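Same order as they appear, the protein sequences are chains A, B and C.
Note that this note's numbering numbers the first sequence so that position 330 is 330, with each residue one more than the last.
If you want this note's numbering, it's the 1-based position in the second sequence plus 336.
If you want this note's numbering, it's the 1-based position in the third sequence plus 672.
Contents: one structure, followed by commentary.
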Amino acid sequence: MKTKKNFINTEDLSRDQLKELLDHAIRLKERPYNEALKNKSLYMVFFNPSLRTRSSFETAMSQCGGSAVNLSVGQDTWQLEHRPGAVMDGSASEHVKDAARVLSRYGDAIAVRCFPYMKNWEEDARDTVVRGFAEHATVPVINMESSMYHPCQALADMMTVNELYREPRGRRFVLTWCYHPKPLPMAVPNSAALMASTFGMDVTVVCPEGFELCDQVTDGIKANCEREGTELRVVHDLEEGVVDGDVIYAKSWGSLKYYGDWDGEKVVREGLKDWKITGELMEKTNDGKFMHCLPVRRNVVVDDEVIDGENSVVYRQAENRLHAQKALLMNILGEG
Amino acid sequence: MKTKKNFINTEDLSRDQLKELLDHAIRLKERPYNEALKNKSLYMVFFNPSLRTRSSFETAMSQCGGSAVNLSVGQDTWQLEHRPGAVMDGSASEHVKDAARVLSRYGDAIAVRCFPYMKNWEEDARDTVVRGFAEHATVPVINMESSMYHPCQALADMMTVNELYREPRGRRFVLTWCYHPKPLPMAVPNSAALMASTFGMDVTVVCPEGFELCDQVTDGIKANCEREGTELRVVHDLEEGVVDGDVIYAKSWGSLKYYGDWDGEKVVREGLKDWKITGELMEKTNDGKFMHCLPVRRNVVVDDEVIDGENSVVYRQAENRLHAQKALLMNILGEG
Amino acid sequence: MKTKKNFINTEDLSRDQLKELLDHAIRLKERPYNEALKNKSLYMVFFNPSLRTRSSFETAMSQCGGSAVNLSVGQDTWQLEHRPGAVMDGSASEHVKDAARVLSRYGDAIAVRCFPYMKNWEEDARDTVVRGFAEHATVPVINMESSMYHPCQALADMMTVNELYREPRGRRFVLTWCYHPKPLPMAVPNSAALMASTFGMDVTVVCPEGFELCDQVTDGIKANCEREGTELRVVHDLEEGVVDGDVIYAKSWGSLKYYGDWDGEKVVREGLKDWKITGELMEKTNDGKFMHCLPVRRNVVVDDEVIDGENSVVYRQAENRLHAQKALLMNILGEG
């Protein structure tokens, strides 16, 4: 019997397994069309909007001869309950357990996007929806971004770094917090930093005080660094943090200190509007490449001159979603 | 010239025709992939949400080489008017007549889901939207659940019963009303009971007083029973009703007595919260199988221990939607 | 290197190029299935609802072996900003520039529908969203209806006229304004009149005073007429305008005079409810064919007896969307 291969967090796979996926993705970029997923169906369950994720997954399936079904929860489908044992007398009319079991009967994999509710950190951090699907589905479940992780983005990120540098090991990966009018989820920075540390990059997290990554992820990064003989640096000064960076990975996220207390965070955030990637700042880097997962608020998170400049690789990153996910889907669903 | 084959109500087909469809579905379950619907397009017009219906129809098309277009009315598409001769100066900007005629020009079949508005029974009972599509389309129209019928669900239900019992004839099919916080449509219970009676099962409807099925459907069930030499029983006591049941088909629905008067029904409904399928209740049955069309409110309609127990066949039922609809589509759209 | 072929306005192509497309469309109507777009992906970005456009594009792709991804902005995807250099601290979280660049990396063409906001004419007339996609995408961009143009509709319209009349040249094309409870965009009348004049038809625009087409389009029509040796007539009396018409193309649109001032326009509009196509009116035409792009408000814009009468070609028009767009897609994306 074939083992069910979920993909919830890059940490679920070894560095070698991840490397194999990324190498396959590079080969698929050269030869994009095949029939490896003929007769395969992927169900994409979206609790939140998407442009890249949906388009790249749907295209990955069709370019390999398969098909994808797009389901927007609470719009195309019913509201879903995720608490085990819940007495369902509220607004949700279907349980994740049943949705997962049913979709497992129709097709070959389920991909789920569920952002955090941004109210209660402990609850969000459990990723109950995506993990609920993974627990109950009898087919593989792919995380298309949960509260904690965005592993498909991290695959594309690392594939991009691999294309830029023959040897990422020892290169300086700077994850920089940026201002944004709203508190955003932490899945992207979490997965990006975990992935970079897995591949032996020197990881610097630059953020205002109170905006550090959560303990669980920080511990994971540290463990990776220790194994790879590198170090995690946390810097609270933007100008200092980006110095000598090879990769400047910009992203905004919310503060754990004010999690669920938007009024409190708003005041602090007002004083952080200069946390923005400018041309001047990029000059301090080691000819650093600018990365961002998109969507991005231009001239708030990053100036046009940087994202439109020649060191920006954001579209390559976005494109690599397609190739990396194709490699993932072929690994998970293919005959091999 | 080929006759246009609509599928609005299971009663439109003879028992033999239905049996043939179900037998084909069983064979398709073994050999799911073919090219019988190559170049065929199905337009799925949803006035209401869906998980199983959409996924199973879309997958049925793709597994047979065809494709499905998903249209959510009032979201992807315009609001639709259905009254013949209407002066369209309200919110609807397109008439069902025109939508049906146009989609008929693009593809091969139209599937429509339109729940009742739950205000006026006489109006809802006419199924004007689905029947409007059927009247005006020049390609076959499939009912994906109207106010009155959910024939595709009934196909999957009966296919499931056929898998469970070599001979359904004479088996006791118990349709049990259950508590639910909201008044739900009657399409599922209507079609389930009609179908069971068509195949010679002994049909028991268990429901509180005032929650009987409508006269039209009751008459249809009685006519089927008479033809098959069986009997329709209506019981107003849950414990009594399930005794010796071979199939316990749970479902909640609204009261015709209070149709459109939600405040009135709410009061009555408050006293009916013990109408729930429990493990204790299942003990009174003849090793009865638990069936439900899903979505289901767990621990409100049915306890976890029952739906997750070994006599529950709800996922098989859901899976059989795929196979039964594939048989239906091949019958309606295939070359044969 | 292949030139990127956008399709924003029928005026971007010569009459000969348009004729070639239409002739191809006629041939495709006879032989609808091929594999010319195998492995090709089209991204359809909808800022507004659609029935015909979505269904016909999606089916055009699948009938030619390709696939289409449907993206509803602000529902499936993020809100999009279109102003160059914008400081994005408002509700939009992604720039058209980035969406266009990213989708260009995944597939082969982007189709965009973006209706006018109906507030500021100068701004709407710039078609910034569709033109923004065209500017930034590195793959062809197709206009699925912008503020100014609906070129795919115009292709289907002219294909229909070509089917009706061996020689459209010199035939009288009457574009008639009709009453409608709301001010509608001008894209359809603009493109229809431009296209008719391109092919040498005598164009009459019949509308109440204050409802004339904009100067830019009027100048374009006049230039076409001059080149073809015909004449543009503008008539403010409905009965007079339709006399001897070969084609009665009905459509409602907003007044430029009251653009953005709905309260002002409403008063004027109340007095225009008799601007409706009736059977009596059609008697004054030259056995005129009734055309409308749909959706249409029956018995407000046109009486049932006309649209359901034998001189109505509205479903043929709608069907021709499929064939014309297939010809367009094959021209833009095919290998040829």
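Ideal placement from N, C-alpha and C gives every residue a C-beta, glycine not left out.
Just so you know, these numbers come straight off a predicted model, no measurement behind them.
Terminal residues of the beta strand (DSSP E) in which residue i lies
i, result
"SER72 (chain A)", "67-72"
"VAL570 (chain B)", "568-571"
"GLU626 (chain B)", "According to the sequence shown, residue 626 (chain B) is Phe rather than Glu. Run containing PHE626 (chain B): 625-627, per the beta strand (DSSP E) assignment."
"PRO821 (chain C)", "Going by the sequence as given, residue 821 (chain C) is Tyr instead of Pro. Per DSSP, TYR821 (chain C) belongs to no beta strand (DSSP E) and is neither H nor E."
"PHE383 (chain B)", "No beta strand (DSSP E) holds PHE383 (chain B); DSSP gives it neither H nor E."
"ARG449 (chain B)", "445-449"
"TYR778 (chain C)", "Looking at the DSSP string, TYR778 (chain C) is not in any beta strand (DSSP E); the run it does join, the alpha helix (DSSP H), is 768-778."
"VAL813 (chain C)", "813-815"
"ALA586 (chain B)", "583-587"
Reference residue i, options the options, closest by Cα
i, options, result
"ALA996 (chain C)", "C:MET873, C:LEU690, C:VAL759 and C:LYS894", "C:LEU690"
"GLY556 (chain B)", "B:THR534, B:GLN415 and B:TRP457", "B:THR534"
"TYR715 (chain C)", "C:THR725, C:ASN706, C:MET790 and C:ASN792", "C:THR725"
"GLU366 (chain B)", "B:GLU471, B:LEU669 and B:ALA663", "B:ALA663"
"GLU145 (chain A)", "A:ASP127, A:HIS82 and A:ARG169", "A:ASP127"
"HIS754 (chain C)", "C:ARG841, C:ASN678 and C:GLY804", "C:GLY804"
"TRP793 (chain C)", "C:PRO880, C:TYR931 and C:GLY951", "C:TYR931"
"PRO140 (chain A)", "A:TYR106, A:TYR179, A:ASP23 and A:ASP89", "A:TYR106"
"ALA193 (chain A)", "A:ILE307, A:TYR179, A:VAL217 and A:GLU209", "A:VAL217"
"HIS431 (chain B)", "B:ALA473, B:ASP644, B:ILE344 and B:ALA447", "B:ALA473"
"ASN286 (chain A)", "A:PRO84, A:LEU329, A:ALA92 and A:GLY241", "A:GLY241"
"LEU164 (chain A)", "A:ASN331, A:MET330, A:ILE26 and A:ARG113", "A:ILE26"
"ASP89 (chain A)", "B:ASN635, B:ILE478, B:GLY670 and B:ILE613", "B:ASN635"
Residue span of the alpha helix (DSSP H) that contains residue i, given as start and end
i, result
"LYS266 (chain A)", "262-270"
"ILE307 (chain A)", "304-307"
"SER350 (chain B)", "Run containing SER350 (chain B): none; DSSP gives neither H nor E here."
"LEU664 (chain B)", "650-669"
"TYR259 (chain A)", "Looking at the DSSP string, TYR259 (chain A) is not in any alpha helix (DSSP H), and its letter there is neither H nor E."
"ASP946 (chain C)", "No alpha helix (DSSP H) contains ASP946 (chain C), which DSSP labels as neither H nor E."
"SER591 (chain B)", "Note, SER591 (chain B): premise wrong, no alpha helix (DSSP H); not H, not E."
"GLY421 (chain B)", "GLY421 (chain B) -> no alpha helix (DSSP H), and no H or E assigned at all."
"THR59 (chain A)", "52-63"
"ARG131 (chain A)", "128-136"
"ASP425 (chain B)", "ASP425 (chain B) -> no alpha helix (DSSP H), and no H or E assigned at all."
"ASP124 (chain A)", "121-125"
In DSSP terms, what residue i is bridged to
i, result
"GLU616 (chain B)", "Bridge partners of GLU616 (chain B): none, in fact."
"GLU982 (chain C)", "In DSSP, GLU982 (chain C) forms no bridge with anything."
"LEU416 (chain B)", "B:GLU430"
"PHE7 (chain A)", "A:ILE142"
"ARG615 (chain C)", "In the structure as shown, chain C begins at 673 and stops at 1008. Residue 615 (chain C) is therefore absent and cannot be evaluated."
Cβ-heavy atom distance, residue i to the ligand PLP, below 8 angstroms
i, result
"GLU135 (chain A)", "For the ligand PLP, the structure offers nothing, since it holds no ligand at all."
message: Pairs of beta-carbons, one from the segment 486-501 of chain B and one from the segment 638-653 of chain B, closer than 8 angstroms: are there three or more?
response: Yes: the two stretches touch, three or more of their Cβ pairs being nearer than 8 angstroms.
- request: Please go through the segment 862-911 of chain C and give each complete alpha helix (DSSP H) segment of 4 or more residues, from N-terminal end onward.
  value: Entirely contained in the segment 862-911 of chain C, the alpha helix (DSSP H) runs reaching 4 residues are, in chain order, 887-900.
- prompt: Below 8 angstroms, can you find three or more Cβ-Cβ pairs linking the segment 281-298 of chain A to the segment 258-272 of chain A?
  reply: With a cut-off of 8 angstroms, the segment 258-272 of chain A and the segment 281-298 of chain A do not count as touching, because too few Cβ pairs lie within range.
message: Is it the case that the segment 864-882 of chain C contacts the segment 899-908 of chain C, given that we only count it when at least three CB pairs across the two stretches are under 8 angstroms?
response: Taking 8 angstroms as the limit for Cβ pairs, the verdict is that the segment 864-882 of chain C does touch the segment 899-908 of chain C.
- prompt: Quick one: complete beta strand (DSSP E) runs, 3+ long, within the segment 152-181 of chain A?
  reply: You should have 172-177.
Three or more C-beta pairs below 8 angstroms linking the segment 580-593 of chain B and the segment 501-510 of chain B: Contact between the segment 580-593 of chain B and the segment 501-510 of chain B is present, because at least three Cβ pairs lie under 8 angstroms.
message: Does the contact criterion of 3 or more C-beta pairs under 8 angstroms hold for the segment 920-938 of chain C versus the segment 854-865 of chain C?
response: These segments touch.
query: Just checking, does the segment 345-353 of chain B make contact with the segment 405-412 of chain B on the three C-beta pairs under 8 angstroms criterion?
result: With a cut-off of 8 angstroms, the segment 405-412 of chain B and the segment 345-353 of chain B do not count as touching, because too few Cβ pairs lie within range.
task: Give a yes or no on contact between the segment 100-111 of chain A and the segment 382-400 of chain B, applying the rule of three or more CB pairs nearer than 8 angstroms.
output: Short answer: they touch.
task: With 7 angstroms as the limit, tell me which residues of the segment 119-134 of chain A have their beta carbon closer than that to any beta carbon of chain D; keep them in chain order.
output: Among the protein chains in the structure shown, which are A, B and C, there is no chain D.
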